[in-house]
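Q: Numbering (the numbering used here), first residue to last: 25 to 229.
Glycine included, every Cβ here is placed at the ideal spot set by N, Cα and C.
Please read through the structure below; I'll follow up with questions.
Structure representation (C-alpha cells):
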C-alpha cells in the first residue's frame, strides 16, 4: 500500500455497481472524478518530472527541449515555444497548435481538455482552468472534481495575468486584456477585458 492509498480512502461514491469506470476513465470522459485517486496523482507526478526535464533540456538546445514537451502534452505543434516556469496539473489533456508562445509562469489546470489553436499568444501568468467543484459542500468533502473544457482558437492573444475559467471558448483573433477574468465565451475578432470579462469593441475598429 502506498502512502497515498494509506492516507486517502475513496468516499466519492462515484464508482458503483452500474458505473465501474476508474477515476482515470471518468476524467478522460469529462465526468466528475475523485481527485486524490492514486493513479491520477501518479500522472501529476509524471507531469512535474517532465517539466523539470524540460527546463534542464533547454541547456542542450531547443530540439531536445521540444521533445520533452511532446512527451508531456497530448499535442505540441511545430514552431511553438514554452518559456520556463509553466505549471500544469497533468499535461496529457493539453493540445497546443503551431507557432504558439506560452510565456513565463503560465498555469494550465488540465483536469479537462485544454485546446489551443495555431499562432496563439499566452502572456505571462495566464491561467487556464478546466477543473472545479460543486457548490454543495458535501461534494467538496468527498473531494470530487468537476470538469469543463477550454478552447483558445487561432491567433488569439490572452493578456498577462488573465484567468480563463472552465467551459470558456476564446474565439479566433480575439484579444483578452491583461488581468481579465473570463467567465463566458469571447467571440472571434473582438477586444474583451475586465472582471468579469466583457466585449469592448471589434479588433479592427
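So, are the CB atoms of residue 117 and residue 146 less than 8 Å apart?
A: no
Q: With 16 as the cutoff for other CB atoms within 10 Å, does residue 43 come out buried or exposed?
A: Residue 43 comes out exposed.
Q: How would you label residue 161, buried or exposed, when you count the other beta carbons within 10 angstroms and need 16 or more for buried?
A: exposed
Q: Helix, strand or coil for residue 82, going by three-state DSSP, please let me know.
A: If DSSP states are grouped into helix, strand and coil, residue 82 belongs with the helices.
Q: What would DSSP say about residue 67, mapped onto helix, strand or coil?
A: helix
Q: Of the choices 77, 171, 33, 83, whose alpha-carbon is the least far from that of residue 53?
A: 171
Q: Taking the alpha-carbon of residue 153 as reference, which of 112, 159, 180 has the nearest alpha-carbon?
A: Of all alpha-carbon atoms in 112, 159, 180, the one lying nearest the alpha-carbon of residue 153 is that of 112.
Q: Per the DSSP calculation, residue 94 is bridged to which residue(s)?
A: The partner list for residue 94 (beta bridge, DSSP) is empty, contrary to what the question assumes.
Q: Quick check: residue 121 and residue 134, are their CB atoms within less than 8 Å of each other?
A: no
Q: Residue 211 and residue 198 look like a contact to me (Cβ under 8 Å); what is the Cβ gap, rounded to whole Å?
A: 7 Å
Q: Which two residues bound the contiguous beta strand (DSSP E) that contains residue 151?
A: 151-153
Q: Between which two residues does the alpha helix (DSSP H) containing residue 52 stretch?
A: 47-52
Q: Less than 8 Å between the CB atoms is what I'm expecting for residue 166 and residue 35, so what's the real figure, rounded?
A: Indeed, because the Cβ distance is near 5 Å, the residues count as touching under 8 Å.
Q: Should residue 69 be labelled buried (16 or more other beta-carbon atoms within 10 Å of its own) or exposed?
A: By the neighbour-count rule (16 or more Cβ atoms within 10 Å), residue 69 is not buried but exposed.
Q: If you drop the 5 nearest sequence neighbours on each side, which residues of the same chain put their C-beta closer than 7 Å to that of residue 93?
A: 78, 100, 106
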